[in-house]
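No gaps in the numbering here: position 249 of the sequence shown is 249 in UniProt numbering, and each next residue is one more. The beta carbon of each residue, even a glycine, is placed where N, CA and C say it ideally should be.
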Amino acid sequence: MWLTALAPLIWGSTYFVTTELLPADRPLLAATVRALPAGLVLLLFVRKLPHGAWRWRAVVLAVLNIGAFFPLLFLSAYRLPGGVSAIVAALQPFVAAGLGYPLLRLVPNPRMLVAGIVGLGGVTLVVLRATATIDGLGLAAGAAGTMIMATGTVLGRRWGAPPEGLFALTSWQLAIGGALLLPVTLGFEGLPAELTGRNVLGFGYLSVFGAILAYSLWFRGVTRLQPTQVSMLGLLSPVMAATIGWIALDQALGGWQLVGAAMALGAVAVGALSPARPRPALLHRAGHHALDEVPLEGEEHPQRDDHRQERPRGDHVDVR
């Protein structure tokens with residue numbers, strides 16, 4: 001789980017990189033350069049394309065996690081104060097918990113929900129300012145982005161990793177999502193007239209660390225951990241962003257912000273120890289089920305008798 005936590009910590013540096021190294025007012029370009037080159041490089045490395053059901057699954061996950069989420073994320077960031085945008089994103093554990101029951105038959109742990117509330121309060125203390133204003137379109141974009149990211153997290157847990165491996169899954173999502181973003185970027189923003197060395201350094205950081213490394217770790221966690229546990233880790237991003245702002249940009253951190261950071265970190269720690277519970281009826285279901293294909297981290301499939309006798313041909317076999 002703690003390897004997965006590195007992803008939101010890396011993403012917490014995105015605000016600093018965007019404001020200090022990238023061209024101004026180019027959110028779609030930043031999203032495209034972050035995703036597409038990284039996806040193509042990984043795809044050249046793994047040299048594997050999706051097969052069977054993973055053809056459409058890869059597209060669905062790419063749209064949710066990259067193609068749709070990135071534009072909504074940047075629209076929210078540009079139209080809302082950073083604090084309000086971070087608070088909306090911090091609602092993701094509750095959305096994941098709500099989706100986890102119908103899609104994964106996981107009953108939310110009350111301790112996890114309490115930790116989510118505490119974490120939300122902590123993020124609010126860290127990032128919210130009294131002068132913050134609310135923009136309706138920005139708020140809608142932030143809420144939609146939170147829903148989409150949580151849906152991608154839950155579906156990623158349900159489907160697990162493909163036979164081609166984790167790097168293949170990461171490459172497919174980044175390449176497909178980046179390809180979907182490219183025409184949008186060219187149509188709405190175009191390309192900058194020139195790029196400075198700082199711009200190239202910033203784009204390189206976002207592509208190598210913010211995409212290849214961070215998303216490989218994130219998708220690894222998504223396929224192994226429960227959705228609420230993964231979503232709780234997202235609370236680390238605004239805490240890291242505030243810490244970098246304090247260290248690199250000389251942005252002051254007050255007493256309440258330190259309290260909020262401690263609350264968010266405590267919520268993440270509690271969330272790591274509070275997995276959701278499978279619905280009791282699911283534990284007694286006979287045969288194989290698609291939801292049982294990928295065990296949670298630390299769990300194993302129920303023992304099966306590998307020496308059972310062959311079934312008569314007339315028997316019904318559940319092959320779901």
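Pick helix, strand or coil for residue i, following the three-state DSSP scheme.
i    : result
R26  : coil
G100 : helix
V294 : Residue placement at V294 is flagged as unreliable, the pLDDT there being 46, under the threshold of 50; the coordinate-derived value follows with that caveat. If DSSP states are grouped into helix, strand and coil, V294 belongs with coil.
S13  : coil
G122 : helix
L113 : helix
A150 : helix
L72  : helix
A53  : coil
A31  : helix
R157 : helix
R105 : coil
A262 : helix
A241 : helix
L249 : coil
L235 : coil
L21  : helix
A286 : At A286 the pLDDT is 37, less than 50, meaning the model places this residue with poor confidence; the figure from the coordinates comes in the next sentence. Looking at A286 - three-state DSSP - the assignment turns out to be coil, as it is neither helix nor strand.
R47  : coil
L42  : helix
L91  : coil
G255 : helix
R279 : Only weak support is given to the placement of R279: the predicted model assigns it a pLDDT of 48, under 50, and the value that follows is read from those uncertain coordinates. Here R279 sits in coil by DSSP.
Near residue i, which residues of its chain fall below 7 Å by C-beta distance, leaving aside the five closest residues on each side in sequence?
i    : result
T243 : none
F219 : G156, L166, L169 and T170
N199 : L21, L22 and P23
R304 : With a pLDDT of 42 at R304, under the threshold of 50, the modelled position of that residue is not reliable, and the figure given next carries that caveat. None.
V17  : G202, Y205 and L206
A211 : R34, A35, A38 and L174
F94  : G116
R57  : W159
A248 : F16
A96  : A150, T153, V154, P227, T228 and S231
W54  : P162
Ordered along the chain, which non-local residues of its own chain (more than five positions away) have a Cβ less than 6 Å from that of residue i?
i    : result
G119 : L235, A264 and A267
L72  : A141, A144 and G145
Y215 : T170
W256 : L125
L6   : L217
F70  : A31
T192 : Residue identity differs from the one stated: residue 192 is Pro in this sequence, not Thr. P23, listed in sequence order.
A241 : G12 and Y15
V208 : none
Since I believe residue j is in contact with residue i (beta carbons under 8 Å), could you give me their beta-carbon distance rounded to a whole number of angstroms?
i    : j    : result
L29  : E189 : 6 Å
L180 : G39  : Wrong, their Cβ atoms sit about 11 Å apart, outside the cutoff.
V60  : L155 : 7 Å
A141 : S231 : So it is not a contact: roughly 19 Å between Cβ atoms.
G12  : P238 : 7 Å
G221 : T4   : 3 Å
R79  : D135 : 4 Å
L182 : G138 : That pair is no contact at about 24 Å.
L233 : I10  : So it is not a contact: roughly 12 Å between Cβ atoms.
R111 : V270 : 6 Å
Could you pull out every residue in the same chain whose Cβ sits closer than 8 Å to the Cβ of residue i, ignoring the five residues on either side in sequence?
i    : result
G121 : G260 and M263
T185 : L28, L29, A31 and T32
V63  : I176, G177 and L180
P50  : R57, A58, P162, E164, A168 and W172
M147 : V95
Under 8 Å, Cβ to Cβ, is there at least one residue of chain B near residue i?
i    : result
V239 : No chain B is present in this structure, which holds just one protein chain.
Under the criterion of a Cβ to heavy atom distance below 7 Å, does residue i qualify as lining the ligand SAH?
i    : result
V268 : Only the bare structure without any ligand can be found here, which leaves the ligand SAH out of the picture.
Taking the runs of the alpha helix (DSSP H) that are 4 residues or longer, which of them lie wholly in the region 162-231? 166-188, 197-207 and 214-224
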